[in-house]
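Count the sequence shown with the working numbering and you get residues 4 to 171, in order. Beta carbons are placed, not taken as given, at the ideal position from N, Cα and C, and that holds for glycine. This structure is a prediction, so every number in the text was calculated from the model and none was measured. Structure record follows, encoded as structure tokens.
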Amino acid sequence: ETIIGCVPALGRLFLLTQASLQVGQTTGQTAVPLTARPFWKSTGFTNPDQLTFADDTLYGYPASGPTRSRADADEAVVQKDFAADMQEIISTWIHGQVSVVHDPKNDAMCFIHSADSLNASGYWTTRVLMYGLRQQALIGDVVLESTTQDMIVSGVATVGERFEFLAG
């Protein structure tokens, strides 16, 4: 499988592919330095920003929608019901336009849908759903928009204690 992204966590490498989430571990052997095995099966990704790690848990947006599981388990117990209150909103989202990032200030997972819709001025907006880790619930629904330019988020990252994004 082609690896499209990598998230390091708890001494493992979580490898995003178009077909699944793989977990990679070093072997200590020169000939085969890394082994990989499925962690989330039959649930692929379309961009490298669709998986993040916080509080010993992986949060992602594979083709099957918002997903989480403990990162330290040998067998992944995949949870999808945590995002039930988001299902109506995300039902029309285009999978490849979604990114996931941790916002440390609000202690929330942000599910970001770039180019969500056009505003009244004819510019693209981005929608951000914030899932609170302390509250274990949806805590915010933000629309990034401008009356003078598109607000399409093209990159996301957690830098220190801040959630950063590129938009324009």
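DSSP places I92 in the uninterrupted alpha helix (DSSP H) bounded by 90–93. Taking 8 Å as the upper bound for CB-CB distance, A160 and V103 are not in contact here, some 11 Å apart. For Y134, the enclosing beta strand (DSSP E) has its first and last residue at 127–135.
As a beta-bridge residue in DSSP terms, Q82 pairs with R71. If the five residues before and after M133 are omitted, its C-beta is found closer than 6 Å to the C-beta atoms of A111, C113, I142, G143, all from its own chain and listed in chain order. With a cutoff of 8 Å on beta-carbon distance, L147 and A118 are scored as not near each other.
K83 is positioned such that its CB atom lies closer than 8 Å to that of G68. G47 carries a coil assignment under DSSP once its states are collapsed to helix, strand and coil. When Cβ pairs closer than 8 Å are counted between the two stretches, the stretch 27–35 is seen not to touch the stretch 55–68, the count staying below three. Boundaries of the beta strand (DSSP E) around Q25: 24–29. Rounded to the nearest angstrom, the gap between the Cα atoms of F42 and S120 is 34 Å.
Between the C-alpha atoms of R137 and L16 there is a straight-line separation of about 26 Å.
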